[in-house]
Amino acid sequence: MADLENRLRILRAERGWSQAELAGHLDVSRQAVNAIETGKYDPSLPLAFKVARLFGQSIEQIFLDGAES
Amino acid sequence: MNSDTSPRWADRLGTGSRTFLIVTTIIFGLFAVGMVAGFSYAVLQDGKLPTKPLVWFVFAAMIALVAFVGWVLLSLFRSIHRERMSGFDRRYWRMWAIVFGLSVPLGAALVGLGIDDPGAGFSMMLSNTPIAPITAILVSIVVSVLLIASLVIYFRTIDDHEERAYLWGSNVAFHFVALAFPLYWLLARGGLLPHITIGIALLIILLSCIVQAIVWALFKFR
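Going line by line, the protein sequences match chains G and D.
Those letters in the first sequence? Residues 1 to 69, per my numbering, in order.
Those letters in the second sequence? Residues 1001 to 1222, per my numbering, in order.
Right, here's the structure in full:
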């Protein structure tokens, strides 16, 4: 169902954060972070913006449209 | 690190796994406590101690189960309390505490009191035995208010991911009901199943709740 690919795991690893720590920054559950990273869940637009703000990048730089690649 | 003796297994679990484990152990714990209470009550009523070893073995097993449940819950709560919980986790756990704090005592009271027939217990709850109108009205209001309040608290607490899991579970459960009732009706008309009763209808609704829970868990924890 999820067509989006994303760089969330890479960005998280660059900061040395665990999934739980990232979940804390985003105010979501650890399962949500895991599901996004494994491509099982596409985040809502507000959550995608929150991720983008946290890492200081645009949504398109983090979430890649799998159909275009 | 320090004098912490909490088991490592509890530390490795995520919020969802801990929730699942706590709910499961509470259910087993209530079952075991009920067995121990029933046994004790029976002994008190009978006035003499049972002589069969098997009875004592089952009683000891139930006591051990209660102790095990207590140990599991204590380990989980200590682990949760010790680690730094995020704001989301704190709200999430508070939500479950409120929901269970409201619903479990009510359910236990209804079953334990047997509504109008103290001692009838669970069989009374699931039977068609008439009850006083005021009891019916009060229980209906309390159950409705609690369910609505629990859902409002739940949806104000969960994140997008869990909301999606819940909505997909509800969607599949609705289609289960929408399919099960007409199919049952057709099969009953064909003489293949007994005519539908309120008990069968409630059983189908109960099955739909189980379907909802399974799909919710699949989307939440897969």
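For every residue, glycine included, the Cβ atom is placed at its ideal position computed from N, Cα and C.
Small disclaimer: the values here were computed from a predicted structure and weren't measured.
Could you confirm whether any beta carbon from chain G is found closer than 8 Å to the beta carbon of residue i?
i: D/Ala1010; result: no
i: D/Arg1222; result: yes
i: D/Phe1088; result: yes
i: D/Tyr1092; result: yes
i: D/Arg1078; result: no
i: D/His1161; result: yes
i: D/Gly995; result: Since the first and last residues shown for chain D are 1001 and 1222, residue 995 of chain D lies out of range.
i: D/Thr1241; result: For residue 1241 of chain D there is no data in the structure shown, the boundaries of chain D being 1001 and 1222.
i: D/Arg1018; result: no
i: D/Arg1189; result: no
Could you tell me the distance, in whole angstroms, from the CA atom of residue i to the CA atom of residue j?
i: G/Glu21; j: D/Arg1078; result: 20 Å
i: D/Arg1222; j: D/Thr1015; result: 14 Å
i: D/Trp1056; j: D/Ile1022; result: 28 Å
i: D/Arg985; j: D/Leu1146; result: In the structure as shown, chain D starts at 1001 and stops at 1222, and residue 985 of chain D therefore has no counterpart that could be examined.
i: D/Pro1182; j: G/Phe63; result: 44 Å
i: D/Ile1158; j: G/Leu45; result: 16 Å
Going by DSSP in three states, residue i sits in which element: helix, strand or coil?
i: D/Asn1128; result: coil
i: D/Leu1202; result: helix
i: D/Pro1050; result: coil
i: D/Leu1013; result: coil
i: D/Arg1222; result: coil
Give the DSSP bridge partners of residue i, in chain order.
i: G/Leu4; result: G/Asp65
With 8 Å as the threshold, decide whether the Cβ of residue i is near any Cβ in chain D.
i: G/Ala32; result: yes
i: G/Val28; result: yes
i: G/Lys40; result: yes
i: G/Ala13; result: no
i: G/Leu47; result: yes
i: G/Arg24; result: A small fix is needed here, since residue 24 of chain G is Gly in this sequence, not Arg. G/Gly24 counts as touching chain D.
i: G/Ser18; result: no
Return the chain-ordered ranges of every beta strand (DSSP E) run that is complete within the region 1019-1095 of chain D and spans a minimum of 3 residues.
Counting whole runs of 3 or more residues, the region 1019-1095 of chain D contains no beta strand (DSSP E) stretch at all.
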